[in-house]
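>
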Amino acid sequence: MNRPPVDAACHPPELPALHAQAFPMLSPDQIRQAAPYGEEVRVPAGTVLLQSGGEEAAFYIVLDGYVEVLESEADGTQHSLLMHRDGEFTGSLDLFTDRPNAVTARADSDSRLLCLSRAGLAQLLLAEPVLADIVLRAFMLRRIGYLRRRPYGGAILRSAAGVGQADRVLDLAVIGGGPAGLAAAAYAASEGLHTLLIGGSLCGTDAPGAQALPGFPGTITGLCDGGLLRRAESQSRRFGSHVMPVRVATAFDSTSYPYRVWLDDGQMIEARSLIVATGLVEDGSGEGNTAWLDGCLDTDELGCILTGRAAAGSMQARAYESSQPGVFAVGAVRAGSVKHVLASIAEGAAAVRVVHRFLDASAH
Ligand SMILES: Cc1cc2nc3c(=O)[nH]c(=O)nc-3n(C[C@H](O)[C@H](O)[C@H](O)COP(=O)(O)OP(=O)(O)OC[C@H]3O[C@@H](n4cnc5c(N)ncnc54)[C@H](O)[C@@H]3O)c2cc1C
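Just so we're on the same page, our numbering is the position in the sequence shown counted from 1, plus 174.
#1: Based on Cα-Cα distance, which residue from E245, L344, S364 and R446 lies nearest to M314?
#2: For Q490, name the three-state secondary structure that DSSP assigns.
#3: Spatial neighbours of Q225 within its chain, please: CB distance less than 8 Å, with the 5 preceding and 5 following residues excluded, ordered by chain position.
#4: Check for me: the alpha helix (DSSP H) holding D284 runs from which residue to which?
#5: What does the alpha-carbon distance come out to for the pair D249 and E456?
#6: CA-CA distance, V348 and A535?
#7: Hey, quick one: how far does the alpha helix (DSSP H) through Y361 stretch, first residue to last?
#8: Nearest by alpha-carbon distance to S246: which of Y240, D238 and L255 is it?
#9: Starting from the C-beta of L344, find all residues in its chain whose C-beta is less than 6 Å away, skip the five residues before and the five after it, and write them out in chain order.
#10: Can you grab the Cα-Cα spacing for the pair T481 / G366, in whole Å?
#11: Do the CB positions of T264 and L223 come within less than 8 Å of each other?
#12: I'd like the span of the alpha helix (DSSP H) that includes R421, first residue to last.
#13: Would you identify the three-state DSSP class for E213, choosing helix, strand or coil?
#14: According to DSSP, is A194 helix, strand or coil?
#15: Where does S266 fall in DSSP's three states?
#16: Have a look at the DSSP bridge pairing and note the partners of V343.
#17: For ligand 1, any of its heavy atoms closer than 7 Å to the Cβ of I372?
#18: Report yes if the CB atom of A357 is closer than 8 Å to the CB atom of L267, and no otherwise.
#19: Excluding five sequence neighbours on each side, which residues of the same chain lie with their C-beta closer than 7 Å to the C-beta of V215?
#20: Assuming A281 and A219 make a contact with CB atoms under 8 Å, what is their CB distance in whole Å?
#21: Just the C-alpha distance for D468 and Q490, rounded to the nearest angstrom, thanks.
#22: Have a look at V346 and S291 and give me their C-alpha separation to the nearest angstrom.
#23: Contact defined as beta carbons within less than 8 Å: I believe G352 pairs with S518. What is the distance between those atoms, to the nearest angstrom?
#24: If you draw a straight line from the C-alpha of M199 to the C-alpha of E262, how long is it?
#25: Is it buried or exposed for M257, if we count other Cβ within 10 angstroms and need 16 for buried?
#26: CB-CB under 7 Å to D238, same chain, minus the five flanking residues each way: which ones, in chain order?
#27: Any idea if D203 is buried or exposed, counting beta-carbon neighbours within 10 angstroms, 16 or more meaning buried?
#28: Can you give me the C-alpha to C-alpha distance between L295 and F233, rounded to a whole angstrom?
#29: I'd like the span of the alpha helix (DSSP H) that includes Q204, first residue to last.
#30: Would you give the residue range spanned by the alpha helix (DSSP H) that V526 belongs to?
#31: For R317 and T429, I'd like the C-alpha separation in whole angstroms.
#32: Just the C-alpha distance for L437 and V217, rounded to the nearest angstrom, thanks.
#33: For the putative contact between V528 and A493, defined by C-beta atoms under 8 Å, what is the C-beta separation to the nearest angstrom?
#34: Alpha carbon to alpha carbon, what distance is there between T221 and R332?
#35: Going straight from the alpha carbon of A425 to that of A509, what length do you get?
#36: With burial defined as no fewer than 16 other Cβ atoms inside 10 Å of the residue's Cβ, what is the status of R411: buried or exposed?
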């Protein structure tokens, strides 16, 4: 087969470690593990597998061939972002949400692919923790990396250290860095909200408040092992931003607006909106990790946060919104949520849309 050269621009030299995790190559054994969840297909060169703006309906692993990923400009022209080669896979967090696909993927040569439907991918991720680790980490990094190419400038994940200087009031503070909080922060930052993510697994296993994700050893937590976090931080400074250091939210004040959250080092941050994604306490009781909220939000008998109609008692209630306007809850800490990693990611992504609506409404 005549193999095209891979575009060097697609592999930013300054991000080799992040790039390798965002675009990993599955081993033959891992591909064999994935095979029962999908179907092998052969496609001619030029076949469009995913269309920008459409629903991202399938996940493809390249068995033999090349798949090019293209991004559309505002004027409709497309430019090449990268080329997937044998063992690499397409896909993004959008596979778990109802958001339109951000890119186009097209076979660049006659190719043999393993095609998994959304349902097939979900089954694979729930049954195969090692593959889940690789795929979810890649999706998360692809979304976070996406913001670097966006023209927002200010769309960033900030460190608590950066708060209190310029842009004192955040658009959004996300509390808890499990799958729900990570997805929320990744979407919010990539969509231009001035976002801070506080605490949780993103901050590395040496961090207070950090923990391995139960059932998914290393999933997403591995995103930010110490070394990766440091590299990400040094990269992000080049964009005038910071990746958050290790912090735990210890108190919340809902009596003033912008809302105030205190961190374990005594710092106070101010935010126009909040997403609480602090999961459940680890003792197996099923209780929400909400003691730090000190009763400011309505919860059920297990301390999980009531949202939507259950919180507001109104048909007009915003999804994911707690009894406090502009304070949202997603993932395991939300009363009535499906306690699954993929459901948590979908909630984190979906809640950001509602945050946009809240911020737009409160700005007028
Ligand atoms: C034993 C076990 C096995 C499981 N197996 C599976 C499985 O096989 N498949 C599956 O889909 N799901 C499984 N789950 C469920 C899955 O782990 C959860 O549904 C999912 O992790 C919820 O994601 P989350 O982001 O809402 O919360 P979490 O993953 O709990 O993340 C919350 C984060 O917030 C941080 N945090 C807490 N308090 C604070 C604070 N005050 N300030 C800052 N940060 C804070 C925590 O440190 C944590 O990192 C399992 C759960 C358990 C307990």
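All residues carry an ideal CB built from backbone N, CA and C; glycine is no exception.
What you are looking at is a predicted structure, and each value in this text was computed from that prediction instead of being measured.
Taking the coordinates as given:
#1: S364
#2: coil
#3: N275 and T278
#4: Note, D284: premise wrong, no alpha helix (DSSP H); not H, not E.
#5: 50 Å
#6: 20 Å
#7: P353 to S364
#8: L255
#9: H368, L370 and A445
#10: 25 Å
#11: yes
#12: No alpha helix (DSSP H) contains R421, which DSSP labels as neither H nor E.
#13: strand
#14: helix
#15: coil
#16: E444
#17: yes
#18: yes
#19: L287 and C289
#20: 6 Å
#21: 27 Å
#22: Per the sequence presented here, residue 346 reads as Leu, with Val not at that position. Going by the C-alpha atoms only, they are around 33 Å apart.
#23: 7 Å
#24: 5 Å
#25: buried
#26: D260, S285 and R286
#27: exposed
#28: 7 Å
#29: P202 to A208
#30: V515 to A537
#31: 34 Å
#32: 53 Å
#33: 6 Å
#34: Residue placement at R332 is poorly supported in this model, since its pLDDT is 36, which falls under 50; the coordinates still yield a value, given next. Roughly 40 Å separates the two Cα atoms.
#35: 20 Å
#36: Only weak support is given to the placement of R411: the predicted model assigns it a pLDDT of 40, under 50, and the value that follows is read from those uncertain coordinates. Counting Cβ neighbours within 10 Å, R411 comes out exposed, since fewer than 16 surround it.
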